């Protein structure tokens, strides 16, 4: 793709001094350094920077909830998508739903808390897709319990999946992105990594998502030189199996305290992931995009 940046008119009509590797084209700077391989030129649309045609994406936890919505959103934007989940049955069901919608999902059954399965998953995705342009680290878990009552096994369970598995998946897939010279990783954090939920009853989850946000920034800084962008989306309360947003006992805190007075649906968060995965976010890395209906602003 040719990345263009609008510039103001030069004084006296003179051509402005350009950064190294750029050529002047009317009112735009055309970054010649970031031209795609000619074979990929059709995959990068100048008319729609959100277009993912010709790209490939791997979505962990893609067989339910937010992950399912992300997989559909990426596929509808043109990407070839592979979903990963522990349940082969759920994977197959979502793939069938995708087929009914005219989409083709690759399914990979793996437990990404197991390092050997992460390696196998990555190789299966590379074999099926040819390369991995986009990684969405979505798989996660949460246990609702007061801090004094959290057993070690629950704390470890949350951090194993939400942080360690994300780390192992990022490095496994990131190795291939580094070799390719480009890639976009979108981590799914949470507004819970930015604020203390009301009521506070998920300390391990909150801490794990704060870790995800900071790891996002750490990898973004380190991997920028390889052409890899790393960002995160921090959703607010979303109606999924993991979040009891319909529970009357929490309406006072989760709905009435929210500026928009409602929860979100997974399909409302998916466009944020598509945005960060696409060329529309080509100059964005190390960012946490909050999509919480204004909840963390008050």
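In my numbering, the protein residues as written are 388 to 685. We put the CB at the ideal spot given by N, CA and C, even for glycine. Here the structure is a predicted model, which is why all the values come from computation and not from measurement.
Enclosing beta strand (DSSP E) for residue i [first to last residue]
| i | result |
| --- | --- |
| residue 467 | 467-472 |
| residue 550 | Looking at the DSSP string, residue 550 is not in any beta strand (DSSP E), and its letter there is neither H nor E. |
| residue 495 | 492-496 |
Spatially closest choice to residue i from the options, by CA coordinates
| i | options | result |
| --- | --- | --- |
| residue 444 | 566, 438, 600, 469 | 469 |
| residue 629 | 666, 582, 525 | 525 |
| residue 450 | 437, 670, 439, 497 | 497 |
| residue 668 | 577, 618, 653, 599 | 618 |
| residue 577 | 505, 529, 608, 561 | 529 |
| residue 506 | 608, 622, 643, 562 | 562 |
| residue 441 | 516, 512, 606, 674 | 516 |
| residue 494 | 512, 502, 504 | 512 |
| residue 514 | 435, 490, 467 | 467 |
| residue 556 | 456, 682, 499 | 499 |
| residue 338 | 585, 683, 621, 579 | Because the chain spans 388 through 685 in this model, residue 338 falls outside it and cannot be assessed. |
| residue 600 | 580, 613, 587 | 580 |
| residue 603 | 679, 438, 553 | 553 |
| residue 523 | 558, 504, 491 | 558 |
| residue 447 | 567, 477, 436 | 477 |
| residue 657 | 677, 607, 596 | 677 |
Residue span of the alpha helix (DSSP H) that contains residue i, given as start and end
| i | result |
| --- | --- |
| residue 575 | Element bounds for residue 575: not the alpha helix (DSSP H) but the beta strand (DSSP E), 570-575. |
| residue 553 | 553-567 |
| residue 439 | Residue 439 -> no alpha helix (DSSP H), and no H or E assigned at all. |
| residue 453 | 452-463 |
| residue 480 | 475-487 |
| residue 593 | 590-610 |
| residue 638 | 638-641 |
| residue 507 | 502-516 |
Beta-bridge pairing of residue i - partner residues as DSSP gives them
| i | result |
| --- | --- |
| residue 630 | 627 |
| residue 678 | 622 |
| residue 524 | 574 |
| residue 616 | 571 |
Backbone secondary structure at residue i - three-state DSSP
| i | result |
| --- | --- |
| residue 408 | With a pLDDT of 43 at residue 408, under the threshold of 50, the predicted position of this residue should be treated as unreliable, though the coordinate-derived value follows. Three-state result, residue 408: coil. |
| residue 664 | helix |
| residue 538 | coil |
| residue 445 | strand |
| residue 429 | Reliability of the predicted coordinates at residue 429 is poor, the pLDDT of 43 falling under 50, and the value obtained from them is presented with this limitation in mind. In the structure shown, residue 429 sits in a helix (DSSP, three-state: H, G or I). |
| residue 651 | strand |
| residue 685 | coil |
| residue 583 | coil |
| residue 646 | coil |
| residue 669 | coil |
| residue 533 | coil |
| residue 546 | helix |
| residue 499 | coil |
| residue 656 | helix |
| residue 417 | Confidence at residue 417 is low in this model, with a pLDDT of 32, below 50, so the placement of that residue should be treated as unreliable; the coordinate-derived value is given next. It is a strand residue. |
Below 8 Å, can you find three or more Cβ-Cβ pairs linking the segment 648-661 to the segment 459-472? yes
Under 8 Å: do the segment 516-536 and the segment 475-488 share three or more Cβ pairs, one atom per stretch? no
Assess contact between the segment 546-565 and the segment 645-654, defined as three or more Cβ pairs (one per stretch) separated by less than 8 Å. Is contact present? no
Is the segment 538-545 in contact with the segment 589-601, if contact means three or more CB pairs nearer than 8 Å? yes
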